[in-house]
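For reference, the structure discussed in these notes is given below.
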DNA sequence: TCCTCATCTAGTCTG
DNA sequence: TAGATGAGGA
C-alpha cells in the first residue's frame, strides 16, 4: 500500500532578510503553509539573532527534530483546510563570498539543524569566525564553502547542508560567474557530506539530468519565498515519516523522496541569456554566435542557466529518465490573474482564491488533484480549462533572463477576450466583482515586444574572469644563486660588504625581501655564522614574518638567527643577569629597553652578535637607539633599513633624526636606495611621490613603477556631501568591486581589478581617527558587507567579554575556568564564551592566568578559520600592509592634517601628517579611492570642512573625480546599494 | 557602598 | 555632544 505523501518547502526567508515581506512571521507562515498545502516548512534565517529568539519563543518540539507552533491558528482557517498543524524544520540560507584560487566565489547554501541548541552552536561558530549575522537573515559571510560545511557538521552530527539554487549565474555552486564546475570542487575534502542539491527556479530535474556528475545527488526544489504568498511555488514531495532524520535519510538516498513541484524552468529569472537593461533576451545558440557580447552595450551578456547546463552537460536531452516525479506548475494566482486580466497580486485574485480554497482545499491540491468538474463548478469553466492545460503542460513560455522572470501563459489573448469570465459560484462567497479591464499584462508587455536584437557583435572586451598578474611575478624568476632573485639595487644592498649599511627603502620596494636575502647570503655564501646574527623589529608580526621568510631561504639553520622585537631582546638581556626577571605590569613594558640600556652600560656586552639588522629604523626612539649603540661599535656590521618618509610615530618618542644621521653615528656607512616599487600601479606611485614631495626627507625622492600597465585606472576622488554619503560611496564601490553582493546589485566596476578577483579581504578602508570608523562600519554592515576593524585589544571589542567574565565569576564560582565557561556557554549559547574557550582550556584551573591572557588579547583567532572581510584600519595601523583596493577616507583639512581644538600644529607635525597621507596612498596596489566630506561632526559639533591641502599636490590628471550623489533618504540609499 | 555632580577629554600604538 | 573619571555626600 502506498504511503501518504506530503509536501515540504525547505527554503524560505523571514522578515529579517533583505527585500523580504514584513509579513514573514511564524503564525503567518503557518497560515500560508496550510493554504498552499505545505506540511513541512523550513523556518529560514536560523542564524539571525532576533528570528532565532522568535523561533525559540513561538515553537515547541513535535516529531523528532521538528517543531510546531505553540499557539493554534485553526481559527484563521476555513473548514476545508482543517487538519494537522504545519511542522517546521530549522533552516537557513548563507551567502558565502570568498576567494579561492584567485577567483571570487559566491555560493549560497541551505543549512538544517535538528534542534535550537545546535542552531545556536552553528551561529556561535560563525560569530567566532568574525561573521556579522545581525544585519541580514541571509547573511553574507567571507568563509570558504568548505569551512561553512565543516561548521555545519560540527554543530550537530545530523546537521546537513544543501547547495542552494545551484545554477544561478552569480550566487551558486555551479554558477557561471562565480561558482565551480562541479559540486565536489566547491566543498573539497568534505564533498561527500553533500547528498542533495536544490535545482532552483530556473532549472528542472530534466535539465540537471544532462550532467552526469549530479547523478549522485537527490534533486530538491523549494520556493525561496520572500513573501508568505510565494510559499510552495516550488516544493519537494516526500512519503517518508514526518521527522527530521527521515527527511535527512531520504535526501541521502534512502526511499522517501518521491518528487518535486517545479516552475517551468523558462519562468526562472536566469533561464535564458541576455541583458535586462538592453532588452536582449537570447537563446544560448544566439549568444554563442555573438561570442557572448551584448549587441547594444558591448559588454558580456549575462549567461543564463540553460547555457550553463549546456556547457557542463555530458548527456543529450531526454537521455536519462528522471528517477522521481516532476510536476511543472505555475501558481494559482497567476492562473486566475491571467484569466481575469488583472495582476496576479491583486485583491480580486486574492478574493477568488480565498473562495476556491474554502470550497476545494489547499492551492496545490486544486492545481494538481481536484477533479476538473469540481474546479469548473466552483471556479468556472475557464479556470478548469486553464488548470487542465497546466496539468498537461500545454503552456506558452517566454523565458526569463538576466534577473527578469519569464512569463508562462495558458491562454491566447483572443481566447480570453471572447469570454466574459462568468464564474458561477464566486458570487456565493460575496467576493467583490471587478469588471474585466483591457489586460495590462505588465510583465508580458515588458518582455515580449523585445525582439532578439541581431546587430553584429562588437569587438570583444576582456573577459571578466581574467585574473591580474601577480605584481611580483617578474621578481620571482627562479635563479641559481640566492641573489639572482633580486633586482639590481636590491642585490647591491644584499651583497654589500661588512660595516655600517643604511638601506633607504621606499614603500613596496622589497624591504623585507632585501633584508632576508642579505642575511641568507651572508650565512650561506660568506661563512657568517647564523648565531652571530641578530635581526630586530618593532612588532611581533614583523618578527614572525622575518622568521618565516628566513626559514624558507636558509632552511633549518634559520632558527640559529636571533630574530626579536626590541622588547623581547631587552627582556632576554635582562633575564641573562636575572633569570627571574618578570614583566608584571603594563607601565614595566616601557621600562624594558631603558633597563637593558642601563645594564649594558654597567656591564658591556661581549659583542656576541657580529651582525645586527634593524627593520623600520626611522621609528627608533632614544632608548632603542642607545641600545643599538651599545650593541654595535661605530664601525660594526649594522644594517639598518627603513624609509624616513614613513616616520609616523614621533608621538611615542620615535625620532627620524636617528635615521638621518646614521652616517655620522657609524663610520664609513654605505647608503643604498631602493626605488623600484613592485606594489602599486603607476598612477598610484606617481600620486604618492607628488604627495610627499613638498616635505620629503629624502633629496630627490623617487619611486619608479616596476611595471607600467597602460590600462591602470586612475585614482578615484569622491567629494562627499556628508560622512554618511562618504560611507555610502564606499559601500557602493565595494559592492561593485566584488561584482555584487546580492541579486539587486548593479553593474560591476572591474577596471584594474577584474570583478571575479576582488574579495572582501582585498579591500581596506583607512582613516586618520578611530571615530571615523563608526559611520563606515554601520553603513557597510547594513549593506551586508562583512567588515573587520582591527582593534587595540582584539578581544576587548568582541561582544560582552568583560560582562561574560563577570558573570562567570558570579554564576559558577566553583570548578576550573574552562568548566565554568562551558556551563555559561551552554546556558546562553553565547558566542563570546566559545571565543574564550581555547584560552580557558590552556589556563585550566588558573583563573588569574586566564584573565591575564584575555587582557593581553592572546592569540585565539589563529585557531579557527577567519571570514574574509573588508579591513578597517587607522593610517598608523596600516603601515607595512598592502591591499589591492584602498579607500583613504576623510581627506579633509583638520583631519588630515589633524588639528586639535585650540592647538596650532607645528610645521614638523604637519610634515608628519603628510607622511601619514603618503603611507596611506602607498598601501594600495591596484585601486585607490580618496574621499572627503563637506561636513563632519567632531567633538559634538558639526562643521563645514574643506578638502585636505595635501590633495592639491596630486596632479589632477591622475585623478578621476566621481560626482557627488544627490542626497537620498537613508532607505533609498540602502535599496540602491543592494 | 552607592549615587550624584562637576570636570575633563576628545589623536595616532607596540611591546 | 557624550562618556569616563573622581570627589564628596547620603
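In my numbering, the protein residues as written are 29 to 1006. Glycine is no exception: its CB is placed at the ideal position from the N, C-alpha and C atoms.
Throw me the rounded Cβ distance for the residue 176 and residue 39 pair, which I believe falls under 8 Å. About 16 Å separates the two Cβ atoms, so there is no contact after all.
Leaving out the 5 sequence neighbours to the left and right, which residues in its chain are closer than 8 Å to residue 127 when beta-carbon positions are compared? 133, 785, 787, 789, 790, 896
Which residue marks the beginning of the alpha helix (DSSP H) containing residue 221, and which one marks its end? Per DSSP, residue 221 belongs to no alpha helix (DSSP H) and is neither H nor E.
What first and last residue would you give for the alpha helix (DSSP H) that runs through residue 650? 650–659
Just curious, the alpha helix (DSSP H) that residue 726 is in, first and last residue? Counting along the chain, residue 726 sits inside no alpha helix (DSSP H), nor does DSSP assign it H or E at all.
Spatial distance of residue 273 from residue 803 (CA atoms): 45 Å
Which value, in whole angstroms, describes the spacing of the CA atoms of residue 793 and residue 960? The alpha-carbon separation between residue 793 and residue 960 amounts to approximately 13 Å.
What is the rounded straight-line gap between the Cα of residue 941 and the Cα of residue 848? Cα-Cα distance, rounded: 48 Å.
Is it right to say residue 536 is buried, meaning 16 or more other beta carbons lie within 10 angstroms of its own, or is it exposed? Buried is the call here.
Among 602, 573, 607, which residue has its Cα nearest to the Cα of residue 591? 573
Can you tell me which of the three DSSP states residue 214 falls into? helix
Cβ-Cβ distance between residue 945 and residue 924 below 7 Å: yes
Cβ-based burial, residue 607 [other Cβ within 10 Å; buried from 16]: exposed
Using the C-alpha atoms, what's the distance from residue 283 back to residue 32? 13 Å
Start and end residues, alpha helix (DSSP H) containing residue 233: 233–236
Does DSSP put residue 144 in a helix, in a strand, or in coil? helix
May I have the straight-line CA-CA distance separating residue 576 from residue 640, to the nearest angstrom? Computed Cα separation, rounded: 18 Å.
Which residue from 294, 298, 701, 339 puts its Cα closest to that of residue 316? 339 is the residue among 294, 298, 701, 339 whose C-alpha sits nearest the C-alpha of residue 316.
With H, G and I counted as helix, E and B as strand and the rest as coil, what does DSSP make of residue 756? helix
Expected contact under 8 Å - CB spacing of residue 527 and residue 705 to nearest Å: That belief does not hold up - the Cβ atoms of residue 527 and residue 705 are roughly 28 Å apart, past 8 Å.
Anyone know if the C-beta pair for residue 724 and residue 952 falls short of 7 Å? no
Within 10 angstroms of the Cβ of residue 12, are there 16 or more other Cβ atoms? Answer buried if so, exposed if not. Examination of residue 12 is not possible in this model, given that the chain is present from 29 through 1006 alone.
Helix, strand or coil for residue 744 per DSSP? strand
Which partner residues does residue 367 have in the DSSP bridge list? BP columns for residue 367 are empty, so no partner.
Using DSSP with H/G/I as helix, E/B as strand and the rest coil, what is residue 539? The three-state reading of DSSP puts residue 539 in helix, counting H, G and I together.
Can you check which of these residues, 281, 264, 275, is closest to residue 245 by C-alpha distance? 281
State whether the stretch 960–971 contacts the stretch 685–705, with contact taken as three or more CB pairs (one from each stretch) at a distance under 8 Å. no
Inter-stretch contact (C-beta, 8 Å, three-pair minimum) for the stretch 804–816 and the stretch 899–914: yes
Determine contact between the stretch 54–70 and the stretch 380–398, defined as no fewer than three beta-carbon pairs at a distance below 8 Å. yes
Residues in the same chain with beta-carbon distance under 7 Å from residue 949, minus the five sequence neighbours each way, listed in chain order, please. 712, 715, 716, 719, 916, 956
For the ligand GDP, is there a heavy atom less than 6 Å away from the beta-carbon of residue 520? Summarising the ligand content, the structure contains no ligands, and the ligand GDP is consequently not present.
Below 8 Å on the Cβ atoms is my contact criterion, and I expect residue 73 with residue 165 to pass it. Report the Cβ-Cβ distance as a whole number of Å. Right, the Cβ-Cβ distance comes to about 3 Å (below 8 Å), so this counts as a contact.
Three-pair Cβ contact test at 8 Å for the stretch 71–86 versus the stretch 47–59: yes
So, at 6 Å on beta carbons, what are the nonlocal neighbours of residue 769 in its own chain, with the 5 sequence-adjacent residues on each side left out? 168, 763, 812
When you compare only the Cα positions, how much space is there between residue 958 and residue 733? 20 Å
For residue 625, which residues in the same chain have their Cβ closer than 7 Å to its Cβ, ignoring the five residues on either side in sequence? 651, 654, 655, 658
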